[in-house]
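Here the structure comes first, spelled out in structure tokens, and everything after it is commentary.
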Amino acid sequence: MKKSFSDYWEEIQKIKKASSVIKDNYKRNKVFNNFVNSYSIKHNINNINQTTYSKQAVVKLCSNLSKDGAKRAMDYILNSADTPYLINEKGEEILTEDVIKDWKMDFSNQENAKDAWHLIFSIKENPSEKNLEILKKSVKETMDNNFFGYKYVMAIHTHQNNPHIHIVLNKRNILTKKKIHFNTKDDIKDFWNDVRSNFSMSLSSKGLHYHNQASYEKDLDRKYQKIKSTLYLDDIDTKKDLSDMILNIIRKESKKLENKKSKIDILNNESLELKQKRLDLINLFNQYKKKNNKKYFKLGKELKKLSDDLNKIDLKILSEIKEIQKINEKISLLNKELDKYNYQNIVDTKNLKNFVDFMRKNKLATKSDYDLLEKVKLSILKNDVNLDKSLKNTMEANTILTKLFNGKKESIFKIEKKINNINNYIEILKQSNAEVKEYENYLKILEKNKEFLKDYAKNRLDNLKLSISKNKNKIPLNAYIIQEYKKGCEYLNINDDLKLVSVKSNKINYGGFNKSKDNQKIL
Numbered sequence: 069m070k071k072s073f074s075d076y077w078e079e080i081q082k083i084k085k086a087s088s089v090i091k092d093n094y095k096r097n098k099v100f101n102n103f104v105n106s107y108s109i110k111h112n113i114n115n116i117n118q119t120t121y122s123k124q125a126v127v128k129l130c131s132n133l134s135k136d137g138a139k140r141a142m143d144y145i146l147n148s149a150d151t152p153y154l155i156n157e158k159g160e161e162i163l164t165e166d167v168i169k170d171w172k173m174d175f176s177n178q179e180n181a182k183d184a185w186h187l188i189f190s191i192k193e194n195p196s197e198k199n200l201e202i203l204k205k206s207v208k209e210t211m212d213n214n215f216f217g218y219k220y221v222m223a224i225h226t227h228q229n230n231p232h233i234h235i236v237l238n239k240r241n242i243l244t245k246k247k248i249h250f251n252t253k254d255d256i257k258d259f260w261n262d263v264r265s266n267f268s269m270s271l272s273s274k275g276l277h278y279h280n281q282a283s284y285e286k287d288l289d290r291k292y293q294k295i296k297s298t299l300y301l302d303d304i305d306t307k308k309d310l311s312d313m314i315l316n317i318i319r320k321e322s323k324k325l326e327n328k329k330s331k332i333d334i335l336n337n338e339s340l341e342l343k344q345k346r347l348d349l350i351n352l353f354n355q356y357k358k359k360n361n362k363k364y365f366k367l368g369k370e371l372k373k374l375s376d377d378l379n380k381i382d383l384k385i386l387s388e389i390k391e392i393q394k395i396n397e398k399i400s401l402l403n404k405e406l407d408k409y410n411y412q413n414i415v416d417t418k419n420l421k422n423f424v425d426f427m428r429k430n431k432l433a434t435k436s437d438y439d440l441l442e443k444v445k446l447s448i449l450k451n452d453v454n455l456d457k458s459l460k461n462t463m464e465a466n467t468i469l470t471k472l473f474n475g476k477k478e479s480i481f482k483i484e485k486k487i488n489n490i491n492n493y494i495e496i497l498k499q500s501n502a503e504v505k506e507y508e509n510y511l512k513i514l515e516k517n518k519e520f521l522k523d524y525a526k527n528r529l530d531n532l533k534l535s536i537s538k539n540k541n542k543i544p545l546n547a548y549i550i551q552e553y554k555k556g557c558e559y560l561n562i563n564d565d566l567k568l569v570s571v572k573s574n575k576i577n578y579g580g581f582n583k584s585k586d587n588q589k590i591l
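As structure tokens, then:
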């Protein structure tokens, strides 16, 4: 007897329900989104015991883009690429204009619609031909596994210390015609964790050793000390001239210049080939037309397409020439400034301020340049005898912790949540079928990180207490800061010395403020 549609549907629903239960059970056996059992610990899967040398796989979602933002992102990633072409999901070379034309129907007409993602896949290796090939293959495998049915373009960058691939992804699926959507924040975290795990496994299978670990699986204190050791300039660097920094930027701009010239050569060669092809087609077109052969209609269409392609290449060459002019102007400007900073110490406050103002005004520095300038500023503050020692220590600690937590200032609310998560993972670990000796080292790191986070919460509470004491007479007080302070006292079992419980509600501002912005101002 044949089954009806309703019978099939009922079976599908049962399977679906069963799979969701299985999935839920699997989630409960995960520690930081990785399966933990006797096998994974014993064989050090994902370097869980941290006993072998491997590096963290880096996959970043840089931005959620509108259709105009997608074009700007493509232009940006091509700016530092070695070729004038993007590579699409099929491995074909393609110009930005053709990508936008192809994706046009997938983009929404709504003003604030987000239709594309800008992603980065990065490795910490020398940009050798072998390593770049492994990077390309691993990114392709990861994209195929996680973004099947989605269009994307990519470009590889080798101009910085870490080779990386930029990707602009069309969020609308070719098959379902639906855009990528997540129901909860946890779904987003799980998804990107899987992407990073896929990427690390793909790299490792090709000879590069990578893992995917959550920040709280790593030894936080060790990482803290490492950041601290590189926070300031050393004695040799502080004696360098500001002119050295300018020369370094000139070198970077000169490299960009050579890159642009190389792109123009590639485009010119392609233009010559297309012009020759067009000339041959014109001759053939004229012959067919004389003989009244209907094939000349088809040749006419081919000629039109060739002319369009040539026009695109000419526009691209013109764009690259304009970029070369801008770079030459930058280099000229930097050379003029160079003499001003000769033999001027790098930690001279006045000279540094003038230098930073000059760089910002002319938009000359990269992110790495600004990171270096930040180091210089911290070194100046460290050597400032007029600055209060406790203030120096607070600034140092805040800078290190911001770097440690990837640019975020973690509140006591978040720290409590993270400590609770670690406690849950410790329980899962203890209930796994692994023997204690197998996960002992991993367990020690988790316990150590708990203590580190508690110490961080105490320091955070001290900073809150200090800032509230200074601002206590100012009305209104910041509600979020007050609530965080109270939470800290409660969580750490510390007396409320400031007696904020008794503060009247009319002295507290409960609305209309940006939490993160206020945190930055007060702390």
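Position 258, counted from 1, in the sequence shown is what my numbering calls 326; the numbers after and before it change by one each time, with no gaps.
Ideal Cβ placement from N, Cα and C applies to all residues, glycine included.
All values derive from a computational prediction rather than experimental measurement.
The C-beta separation of T226 from D150 comes to about 7 Å, placing the pair in contact by the 8 Å criterion. Around the beta-carbon of C557, 16 or more other beta-carbon atoms lie within 10 Å, marking it buried. Spatial neighbours of S134 in its own chain (CB-CB distance under 7 Å, excluding positions within 5 residues in sequence) are listed in chain order as A181, K182, D183. Inter-segment contact for the segment 387-403 and the segment 370-378 is absent: fewer than three beta-carbon pairs are separated by less than 8 Å.
For the 9 Å CB-CB criterion, L349 and P152 do not form a contact.
N238 sits in a strand when the DSSP states are folded into three classes. The beta carbon of N527 sits closer than 7 Å to the beta carbons of A465 from its chain, once the five residues preceding and following it are set aside; these are given in chain order.
Secondary structure at E161: strand, using DSSP grouped into helix, strand and coil. Beta-bridge annotation (DSSP): L340 is not paired with any residue.
Put simply, the segment 190-201 does not touch the segment 251-265. Fewer than three CB pairs are less than 8 Å apart.
Looking at D136, R428, W185, L497, the one whose alpha-carbon comes closest to that of C130 is W185. Look at L371 here: in three-state DSSP terms it is helix.
In the DSSP assignment, L187 falls within the beta strand (DSSP E) that extends over 184-190. P231 and I224 have their C-alpha atoms spaced approximately 7 Å apart.
In the DSSP assignment, S131 falls within the unbroken beta strand (DSSP E) covering 126-133. When C-beta atoms of the segment 482-489 are compared with those of the segment 517-526, three or more pairs fall below 8 Å, so the two segments count as touching. Cβ contact annotation for D143 (same chain, cutoff 7 Å, sequence separation greater than five): T164, in chain order. In terms of Cα proximity to I389, the closest of V444, S330, K404, K358 is S330. In terms of CA proximity to I332, E391 leads the group E391, N351, L243. For N156, no alpha helix (DSSP H) encloses it; the enclosing beta strand (DSSP E) starts and ends at 154-156.
Rounded to whole angstroms, L367 and L340 show a C-alpha spacing of 20 Å. In the three-state reduction of the DSSP assignment, K274 falls in the coil class, being assigned neither a helical nor a strand state.
If you draw a straight line from the Cα of G275 to the Cα of Q344, it comes to about 45 Å. Counting only the Cα atoms, L521 lies some 58 Å from D382. Membership of I562 in any beta strand (DSSP E) is not indicated, and neither H nor E is assigned to it by DSSP. The C-alpha of K239 is placed about 13 Å away from the C-alpha of M211.
I233 carries a strand assignment under DSSP once its states are collapsed to helix, strand and coil.
In this structure, DSSP gives K123 an extended state, which the three-state scheme calls strand. Between S176 and the set K245, Y121, K296, the nearest pair of CA atoms involves K245. Each of E326, K404, V263, K362 was checked against the Cα of S148, and the nearest Cα belongs to E326. Within its own chain, the residues whose Cβ lies closer than 8 Å to the Cβ of G217, once the five positions on either side in sequence are excluded, are N241, I242, L243, T244, listed in chain order.
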